[in-house]
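J.:
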Amino acid sequence: MQRSSLRDCKAWQDAGLPLSTTSNEACKLYDAFLTQWISWTNDASLGGIEGCQSRLKAADPDFVMGHVIINGLELIGTGRSVVLDKDLAASIKRMAELSKTQEVTERERLHVRALEMFAKGSLPKACDIWEQILLDNPTDLLALKLAHDSYFYLGFQPQLRDSIARVLPHWTPTIPLYGYLKGMYSFGLVETNFYDLAEKTATENLALNPADAWSVHSLAHIHEMRADVEAGLTFMKQTEKNWMNSDMLACHNYWHWALYHIEKGEYEAALTIYDDYIYKRCFSVGAMLDLVDASSMLFRLQMEGVNIGERWKEVVRVTTNHSKDHILIFNDAHILMSLCGAKDTEIAAQFMASLQELAQAPGENYQHQHFQELGLPICQAVVEFANGNYSQTVDLLHPVRYQIQRVGGSNAQRDVFNLLLINAALKSDNKLHHKLARCLLVERDGMRPNSLMTERLIRKAMSLHSLE
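Its first residue numbered 79, the sequence shown is counted upward by one per residue in my numbering.
1. By DSSP, does residue 129 sit in helix, in strand, or in coil?
2. Just mark residue 274 as buried or exposed, buried being the case when its beta carbon has 16 or more other beta carbons within 10 Å.
3. Enumerated in chain order, which unbroken segments of the alpha helix (DSSP H) with a length of 4 residues or greater are wholly contained in the segment 222-310?
4. Which full runs of the beta strand (DSSP E) of 3+ residues lie inside the segment 438-499, going along the chain?
5. Look at residue 419 and residue 433 and say whether their C-beta atoms are less than 8 Å apart.
6. Would you mind sorting residue 385 into buried or exposed? The rule is 16 or more other CB atoms within 10 Å of its CB.
7. So what does DSSP say about residue 380, is it helix, strand or coil?
8. Put residue 512 into one of helix, strand or coil per three-state DSSP.
9. Using a Cβ-Cβ cutoff of less than 6 Å, which residues in the same chain neighbour residue 131 once the five nearest sequence positions on both sides are dropped?
10. Name the two residues that bound the continuous alpha helix (DSSP H) containing residue 529.
11. Given a threshold of 16 other Cβ atoms within 10 Å of its Cβ, counted over all protein chains shown, does residue 237 qualify as buried or as exposed?
12. Between which residues of its own chain and residue 388 is the CB-CB distance below 8 Å, once the five residues before and five after are set aside?
13. What is the DSSP secondary structure of residue 158, counted as helix, strand or coil?
14. According to DSSP, is residue 144 part of a helix, a strand, or is it coil?
15. Do residue 497 and residue 304 count as a contact pair if the criterion is CB distance below 8 Å?
16. Leaving aside the five residues before and after residue 528 along the sequence, list all residues of the same chain whose C-beta is less than 7 Å from its C-beta, in chain order.
17. Are the CB atoms of residue 90 and residue 105 within a distance shorter than 8 Å?
18. Any idea what DSSP makes of residue 198, helix, strand or coil?
19. Alpha carbon to alpha carbon, how far is residue 262 from residue 114? Give it in angstroms, no decimals.
20. Round the Cβ separation of residue 200 and residue 435 to the nearest angstrom and send it over; I've been treating them as touching at under 8 Å.
21. Can residue 188 and residue 154 be called in contact, C-beta distance under 8 Å?
22. By how many angstroms is the C-alpha of residue 193 removed from the C-alpha of residue 140?
23. Express the C-alpha separation of residue 405 and residue 472 in angstroms, rounding to a whole number.
24. By the DSSP assignment, the alpha helix (DSSP H) with residue 388 in it spans what residues?
25. The alpha helix (DSSP H) that contains residue 104, what's its start and end?
26. Check this for me: beta carbons of residue 351 and residue 368, under 8 Å apart or not?
27. What did DSSP end up calling residue 181 once you bin it into helix, strand or coil?
28. Rounded C-beta distance between residue 183 and residue 254? I'm assuming under 8 Å.
29. Expressed to the nearest angstrom, what Euclidean distance is found between the alpha-carbon atoms of residue 316 and residue 519?
Structure below.
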């Protein structure tokens, strides 16, 4: 992106989204930061996200929306908690204080309030505030992005779709970053099973903006949910050069690529992608999305009977640092997978104890409020499976299977819990669980016809329980 195209104070005013600063440089850096965030790309020509952040703070230290966008990215990454991270807590406090002492617009004040809610774990309340902003300011892409990602974390799939649908008529192709909005809408359609419309939306958008890694991601989901692995493999290979430099999402797109290989039983190919892309990103950056991808990948391969060597011990070196975060149940379950995979029973026990403690006094934290009936059964199921207690795993996971959507993540990501239940039922010593496994596989076959993985699991069930 050319620096000359970045919006100054007047440009933001003309767009109906005035920023309360007199610094044109601050306004342009805000735009540069937003552009990189939305495009999932650290653009060297703009100084990268970190470069923009430091320069944005220097351009106007009291610029409230500068604090909002920096804190927003930090919070939405779900890798830091204000409870454990004093620097982040101080940053949120500073932002709130500035909003009370500076002359800011009502829209900016609402942005601050929404982040305060998010920091407390009150994600639904934060979303309500962002939606309030969008009623009067439908082209406020920051509010839209923060709401979109939060709905994803909450498992609010219709809202994920509809929050974009409501504002689309107010956007035109001349508005900066318009193309990325269509990618977000496509993903909302995918998660609510409108695959044909999602495919059409993402494909049309990529024709205009081939570098939109989120539209690529949306199409990767479509191929995954249809179990159309050959089309998925071809698509990822053909488009790789367009999205591989979107470094904040490329790792996750490679994760989807590897899922196709697991579906086909091509485990070495999946491990090669893990070693070459997912592992490297996990350790070089340590973003929560990358840690989740690494844990999910190894857990799926392990359920397939693949020897993954020492890889768990490598992953746990990073995930252990987050074992006390407890920001999202979805993150917690994947962190625990790594702890159990590495056989770090001491940290795993401490993890479960802290989870139980928070479940007793959740306060206004939305995720913590669901620890008792959802977070604890899911996490305990992971522990029991790792310990070979397959019957207990089924007894914990089966009653909550239709509530698991509420832990957030995508349908493709949460499929790891479906596979956990199926594999536990297959290995259980309870004959009723064997029947359950066969029923679950019939369901899966109906939803994903021609799935090679489902066919393998059905053959496994017939082999294990042929006399029942």
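Just so you know, even glycine gets a beta-carbon here, dropped at the ideal spot from N, CA and C.
T.: By the coordinates alone:
1. helix
2. exposed
3. 235-245, 256-269, 273-286 and 291-303
4. none
5. No, they are not a contact pair.
6. Under the 10 Å beta carbon count, residue 385 is surrounded by fewer than 16 other beta carbons and is classified as exposed.
7. helix
8. helix
9. 148
10. Residue 529 -> no alpha helix (DSSP H), and no H or E assigned at all.
11. buried
12. Excluding positions up to five away in sequence, the list is empty.
13. coil
14. DSSP places residue 144 in helix when its eight states are reduced to three.
15. no
16. 305
17. yes
18. coil
19. 15 Å
20. 20 Å between Cβ atoms; not a contact.
21. no
22. 17 Å
23. In this structure, the alpha-carbon of residue 472 lies about 25 Å from that of residue 405.
24. Boundaries cannot be given for residue 388, as no alpha helix (DSSP H) includes it and DSSP labels it neither H nor E.
25. 102-117
26. No; because the gap between Cβ atoms is not below 8 Å, this pair is not in contact.
27. coil
28. No, residue 183 and residue 254 are not in contact; Cβ-Cβ is about 20 Å, not under 8 Å.
29. 32 Å
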